[in-house]
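Taken in sequence, the protein lines are chains A and B. So the first sequence is numbered by the working numbering: it starts at 630 and just counts up by one. So the second sequence is numbered by the working numbering: it starts at 630 and just counts up by one.
Protein chains: 2
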Amino acid sequence: MRPIIHPAITDVTVEGILYALSDPVRVEIFMSMAAADCAKPCSAYGEVKNRKLPKSSLSQHIKVLREAGLIRSQRQGVEIRNTTRCTELADKFGDLISGIVNAYQRQNSAKRKSKRA
Amino acid sequence: MRPIIHPAITDVTVEGILYALSDPVRVEIFMSMAAADCAKPCSAYGEVKNRKLPKSSLSQHIKVLREAGLIRSQRQGVEIRNTTRCTELADKFGDLISGIVNAYQRQNSAKRKSKRA
DNA sequence: TACAATAGTTCCAGAATATTGAACTATTGG
DNA sequence: CCAATAGTTCAATATTCTGGAACTATTGTA
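Structure representation (structure tokens):
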């Protein structure tokens, strides 16, 4: 079987990151992964906004995140565990990622608030 | 003629911004606009990376930036002058935009450096 | 070794988006 | 009113995305 490929941090680009995070499903996955306390399998991210993703779509989305350099995936037995590359990314891109995540979080909490009202 | 439509700042979303800026041509346009000292017509952004954009494409890209809430366009005689909405955006999204722009700028200056070498 | 169960990936056809030349609209100067 | 300039819209083509079905990979069990 071929190994899972990750770009070197030097090959990670801003446009790649923005593209990957410009999809609402993918940011959700990424943010949820960033919030996780340990590496979780792909299937842990299979539900987004109360909608179950087809597994081929989930696989594609995770691949996009991986190839953009945002996450790292490694096989652990029958499943593939995923983590963000936030530390490396922060070294290279400063507060780009955290800025995006924070903006999303603020937006989401504002949305939840207005829904309750 | 119908007026040019801009979203209210309250309707501007993070995903919309990321989507708009995930295109290399559009970030170039946006960054160049942000760097401009005064409002310039669309045609001022018609050349990106030494390649002349077809004007229908330029028009589309500017429309995407406008509808994402990133820029403001207003007719001034025969041309349409464009400015960024950076101030409003910073109020709403903190350092999201500046983080993106800074990351891009660092990346571009690194690229230029390695080309020279 | 074989097979079943689980987790993901790949393939590919249909759906959705993006690109761009050509035709069109808007504004102004003469 | 006409010509020139600046952009927009239309529509055909091209590219990218989505997701079901078939496939591969790993492990546990017999």
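A virtual CB, placed ideally from N, CA and C, is assigned to each residue, including glycine.
Chain A contact for residue i (CB, 7 Å cutoff)
i, result
"Val643 (chain B)", "yes"
"Tyr674 (chain B)", "no"
"Gln736 (chain B)", "yes"
"Ala746 (chain B)", "no"
Contacts of residue i in chain A (Cβ-Cβ under 7 Å)
i, result
"Tyr648 (chain B)", "Ser651"
"Ala732 (chain B)", "Val643, Phe722, Gly723 and Leu725"
Cutoff 7 Å: residue i Cβ touching any chain B Cβ
i, result
"Ala739 (chain A)", "no"
Chain B contact residues for residue i, given Cβ-Cβ distances below 7 Å
i, result
"Asp724 (chain A)", "Asp724 and Gly728"
Chain A contact residues for residue i, given Cβ-Cβ distances below 9 Å
i, result
"Val656 (chain B)", "Val643, Glu644 and Leu647"
Burial state of residue i, where buried means 16 or more other Cβ atoms lie within 10 Å
i, result
"Ser651 (chain A)", "buried"
"Cys667 (chain B)", "exposed"
"Val707 (chain B)", "exposed"
"Asn679 (chain A)", "exposed"
"Ile634 (chain A)", "exposed"
"Ala732 (chain A)", "buried"
Cβ-based neighbour list, residue i, same chain, cut-off 6 Å, excluding 5 preceding and 5 following
i, result
"Val641 (chain A)", "Gly698"
"Gln734 (chain B)", "none"
"Arg695 (chain A)", "Ser702"
Contacts around residue i, its chain only, beta-carbon distance under 8 Å, and the 5 residues preceding and following it disregarded
i, result
"Ile709 (chain A)", "Ile633, Pro670, Cys671, Ser702 and Gln703"
"Glu676 (chain B)", "Leu682"
Check: residue i C-beta below 6 Å from any heavy atom of the ligand MG
i, result
"Leu718 (chain B)", "As presented, the structure is devoid of all ligands, the ligand MG included, so that no description of it is given."
Contacting residues, own chain, Cβ-Cβ under 7 Å from residue i (five flanking each side not counted)
i, result
"Leu687 (chain B)", "Cys671, Tyr674 and Gly675"
### Message
So within the segment 636-707 of chain B, which uninterrupted alpha helix (DSSP H) runs reach at least 4 residues, ignoring any that extend past its ends?
### Response
643-650, 653-664 and 684-696
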